[in-house]
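Encoded as structure tokens, the structure appears first; notes follow it.
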Amino acid sequence: MKAGKKKILLINEEYCKECGFCIKFCPNNTLAKKNTINSRGFHPAELKGECSFCGICYTVCPDFAIEIVDEEQISR
Amino acid sequence: MKKLWKGNHALVEGALAGGLDAYFGYPITPQNEVPEYMSLRMKQEKRVFLQAESELASINMVFGAALTGKRAMTTSSSPGISLMQEGISYLVGCELPAVIVNVQRGGPGLGNIAGAQGDYFQSVKGGGHGDYRLITLTPFSVQEMYEMTRDSFDLAFKYRNPVLILADGVIGQMLEPADLPEKVPPRKEFPYSMDWILDGAAGRDSRFIRSLVMDEGGLEQHNYRLWDKFAKMEKEISWEEHGTEDADVILVGYGTSARINLDVYNSARKNGLKAGYFRLRTAFPFPSKRLSELSSRSGFLVTEMSMGQMVEDVRLAVSGRSDVEFYGRPAGGLPEEEKIYGILERMLK
Amino acid sequence: MSRRLPESLKKIPHTYCPGCGHGIIHRLVAESLDELELREKTVAIAPVGCAVFGYHYWNFDTAEAAHGRPPAAATGIKRVLPDRIVITYQGDGDLAAIGGNEIIHAANRGENISVFFVNNACYGMTGGQMAPTTMFDQVTTTTPLGRTLEDGYPVKVCELLSVLEGVSYIERVAVNSPANIMKAKKAVKKALGYQARNRGFTLVEFLSMCPTGWKVSPEKSLEWIDERMLRIFPLGVYKDKG
Chain F
1 MKAGKKKILL INEEYCKECG FCIKFCPNNT LAKKNTINSR GFHPAELKGE
51 CSFCGICYTV CPDFAIEIVD EEQISR
Chain X
1 MKKLWKGNHA LVEGALAGGL DAYFGYPITP QNEVPEYMSL RMKQEKRVFL
51 QAESELASIN MVFGAALTGK RAMTTSSSPG ISLMQEGISY LVGCELPAVI
101 VNVQRGGPGL GNIAGAQGDY FQSVKGGGHG DYRLITLTPF SVQEMYEMTR
151 DSFDLAFKYR NPVLILADGV IGQMLEPADL PEKVPPRKEF PYSMDWILDG
201 AAGRDSRFIR SLVMDEGGLE QHNYRLWDKF AKMEKEISWE EHGTEDADVI
251 LVGYGTSARI NLDVYNSARK NGLKAGYFRL RTAFPFPSKR LSELSSRSGF
301 LVTEMSMGQM VEDVRLAVSG RSDVEFYGRP AGGLPEEEKI YGILERMLK
Chain L
1 MSRRLPESLK KIPHTYCPGC GHGIIHRLVA ESLDELELRE KTVAIAPVGC
51 AVFGYHYWNF DTAEAAHGRP PAAATGIKRV LPDRIVITYQ GDGDLAAIGG
101 NEIIHAANRG ENISVFFVNN ACYGMTGGQM APTTMFDQVT TTTPLGRTLE
151 DGYPVKVCEL LSVLEGVSYI ERVAVNSPAN IMKAKKAVKK ALGYQARNRG
201 FTLVEFLSMC PTGWKVSPEK SLEWIDERML RIFPLGVYKD KG
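Protein chains in written order, with the working numbering: chain F, 1 to 76; chain X, 1 to 349; chain L, 1 to 242.
And the structure:
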């Protein structure tokens, strides 16, 4: 992967079960619980500020709800 | 050419002829000749033999090998078969082919090591939990130990269901002449679809095999499908009959009890008695229709090495249209020819 | 770095409770199979317990065995398909209670399979009863006053199995922090790598969160592992024959 590629943090809100692990371990404190709920009644995590794309939220997420992708992979 | 073979050894040769890939078993009398001889023969034929740590492990090793579409088998005797019932239920639920042999001994409990026929209900009525059936073959000679075991794999794969060979300690331990090929015949490939096996999802979608069906109504539908299959097994009904065209009383048995009946039948006919002879080759599916037809002119004398299990299926088939009498001995006692003859004479009067 | 969900996972949400460790462990196994390019060679056995539904989430061949019998079923598969990767995924009840005999003998035979053993110190699926790995004083639905000596000692699976000659690699890991999860992933890959090189029996024990069974919040469940489980179940490599 080339440096400088634009990254995106994807949060699959429908998969999220509000365990809070990503929020707890985010080194930048940029994740928080959303005010709204998903179809299963959970407040999904959302990105509040600048993300460093370290991947810790992906690592600790038990719900397959977080991915970090290259922007071009998305637009494709 | 006929040679002297032991039933348990002939069974091993039959399994090899049926293309057995993997055998898993745990020693128990009176079938120890099976794992012993099998351990040598499977090595010689470069196939898989493993002595398991228990019958629970044996049947679940069979389950594992069956998942991959291989021909897998285990053998045991009554107490060991009881332990396997959970695994057999899972095999049926998962629709997996496998062959299980029960060389029956006396029970209940640890019982004894004599040949017996006390496991008929367990075999044909679904011995484990749930609502199911097993194709149940009942060998009567050393030759049939070979042939039925050989042919059981085809049946197991045809229906994707375990096949049980319900033998007994007498047939297993018996030595008699049998005509077995000198060499293991070439493996016969089956024409059945194998699009269900688990062998790694290379170049195809991943698959799963399970018996847990939790979705609303799903298990009910699964059971209906299984029972369609059990109904189709009717085609496999097999029996042998002699003298039934003019018999007033027909002797009914299977395995060792049928061998005793055959002697009684022959003496009765020699003495001019109108006796008939009928023996099951399949206990499930059960030859109900044929017995029902025969009941229009004949009564029946059922003999078993138990206090009466198969006789209940005969009574259901006959449905009160003629007399059904029973004589049996439990726990390894052999029905006595004189006794059978005596009852036959009384019934014919 | 990009972090995409592995091909070895199906893209569907799972039904495990919030904070349950199974999702993380499922993903670690899936990521490892992807990275080692073993997905298409793998046949897995799911247990009876919460993870019985593993086959809904894994995108490789999977079957479900009777309770406690995955090591026997895996043995059956591996013996007839020795070039495939065969794994079992088992909980503490499945592996250490009802399946105690099967796991000991599979390990002792050096059966060339990888066992992923999830220890959450309780029976999750049936509602939080005592497991063989439940700790003293731990309250479960069948030890309402806490486990006592009358119930026996918690079973230490890594310690128990590591003395068997057939075992090539055993490690205990936890999935309650990013660092622990990364170590756990290394252990999974090591076990699978050993199997691919025919090194014999491998097992990774995961200390895993069960917030529902422990009756704590997901966040508290992370601390619960540190505070309560690590003293009884120390992390580390218990055997490595290389």
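Every residue gets a Cβ at the ideal spot worked out from N, C-alpha and C, and that includes glycine.
Sequence-distant residues of its chain with Cβ nearer than 7 Å to residue i (five each side left out)
i, result
"X:E337", "I260, D263, V264"
"L:T62", "A44, A46, G54, Y55"
"X:G130", "S89, G93"
"L:E31", "P6, K185"
"F:M1", "Confidence in F:M1 is poor, its pLDDT being 42 and thus under 50, which makes the residue's placement too unreliable to answer from."
"L:D137", "G146, R147"
Neighbourhood of residue i by C-beta, 6 Å cutoff - its chain only, sequence neighbours within 5 removed
i, result
"X:T29", "I113"
"X:F24", "L50, A52, S58, M61, V62, T74"
"L:I77", "V43, V86"
"L:I113", "A74, K78, V86"
"X:L164", "I100, S123, L134, T136"
"F:F25", "I56, V60"
"L:P70", "I45, P47, T88, Q90"
"X:D179", "K2"
CB of residue i within 8 Å of CB of residue j, strictly
i, j, result
"F:C61", "F:F21", "yes"
"F:A32", "F:K48", "yes"
"X:Y277", "X:T138", "no"
"X:E304", "X:V311", "yes"
"L:K189", "L:E35", "yes"
"X:S76", "X:M84", "yes"
"L:V173", "L:V216", "no"
"X:T68", "X:L155", "no"
"L:M135", "L:I232", "yes"
"X:A17", "X:P185", "yes"
"L:S221", "L:P211", "yes"
"L:F116", "L:G166", "no"
"L:G49", "L:G100", "no"
"X:V12", "X:V34", "yes"
Residue i: contacting residues in chain L (beta-carbon distance under 8 Å)
i, result
"X:D199", "V43, D61, L81, R84"
"F:K7", "S2"
"F:I11", "By Cβ distance, chain L contributes nothing, its closest Cβ being about 12 Å from F:I11, past 8 Å."
"X:L67", "V43, A63, A73, G76, I77"
"F:I56", "P178"
"X:S39", "None at all; the shortest Cβ gap to chain L is about 14 Å."
Per-residue contacts from residue i into chain L (C-beta, under 7 Å)
i, result
"F:K17", "P18"
"F:G41", "Chain L residues near F:G41: none, gap ~11 Å exceeds 7 Å."
"X:F63", "A65, A73, G76"
"F:K24", "E219"
"F:G49", "Result: empty, since nearest Cβ-Cβ is about 19 Å, beyond 7 Å."
"F:E14", "P13"
Proximal residues of chain L, C-beta to C-beta of residue i below 9 Å
i, result
"F:I68", "M1, S2, R3, R4"
"X:A22", "G76, R79, V80"
Chain X residues whose Cβ lies nearer than 8 Å to that of residue i
i, result
"L:E37", "What L:E37 touches in chain X: nothing, since even the nearest Cβ is about 11 Å away."
Integer-rounded CB distance, given that residue j should sit under 8 Å from residue i
i, j, result
"F:I145", "F:K7", "Outside the displayed span of chain F (1 to 76) sits residue 145 of chain F, for which this structure offers no information."
"L:V118", "L:I181", "About 14 Å; that fails the 8 Å criterion."
"L:M209", "L:G19", "5 Å"
"X:A116", "X:G80", "About 14 Å; that fails the 8 Å criterion."
"X:G328", "X:S306", "5 Å"
"L:C122", "L:G213", "4 Å"
"X:S292", "X:A275", "Going by Cβ atoms, the distance from X:S292 to X:A275 rounds to 20 Å, so no, they are not a contact pair."
Under 9 Å by beta carbon: chain F residues contacting residue i
i, result
"L:M182", "T59"
Proximal chain X residues relative to residue i, where beta-carbon distance stays under 9 Å
i, result
"L:V280", "Only positions 1 to 242 of chain L appear in this structure, which leaves residue 280 of chain L out of reach."
"L:H105", "A52, E53, S54, A57"
Own chain partners of residue i with C-beta closer than 8 Å, once the 5 adjacent residues on each side are dropped
i, result
"L:L28", "V175, I181, A184, K185, V188"
"X:A231", "none"
"L:E227", "none"
Contacts of residue i in chain F (Cβ-Cβ under 7 Å)
i, result
"L:R27", "F64"
"L:G21", "P62"
Test: residue i CB closer than 8 Å to a CB of chain C
i, result
"L:L9", "The displayed structure is made up of protein chains F, X and L, and chain C is not among them."
* Secondary structure, beta strand (DSSP E): runs of 3+ residues fully inside the region 70 to 157 of chain L -> Within the region 70 to 157 of chain L, the complete beta strand (DSSP E) runs of at least 3 residues are 85 to 91, 114 to 119.
* Could you name each continuous alpha helix (DSSP H) segment of 4 residues or more that falls completely within the region 124 to 182 of chain X, going from the start of the chain to the end? => The qualifying runs are 142 to 159, 169 to 173.
* To do: Scan the region 12 to 78 of chain X and note each continuous alpha helix (DSSP H) run of 4 residues or more that stays entirely inside, going in chain order.
  => 33 to 44, 55 to 67
* To do: Report the residue ranges of all beta strand (DSSP E) runs contained in full by the region 218 to 271 of chain X; include only those spanning at least 3 residues, in chain order.
  => Correct list: 239 to 242, 249 to 253.
* **Ranges of the alpha helix (DSSP H) found wholly within the region 5 to 42 of chain L, counting only runs of at least 4** => 22 to 35
* Would you list, in sequence order, the uninterrupted beta strand (DSSP E) runs of no fewer than 3 residues that lie entirely inside the region 155 to 219 of chain L? => 167 to 174, 201 to 207
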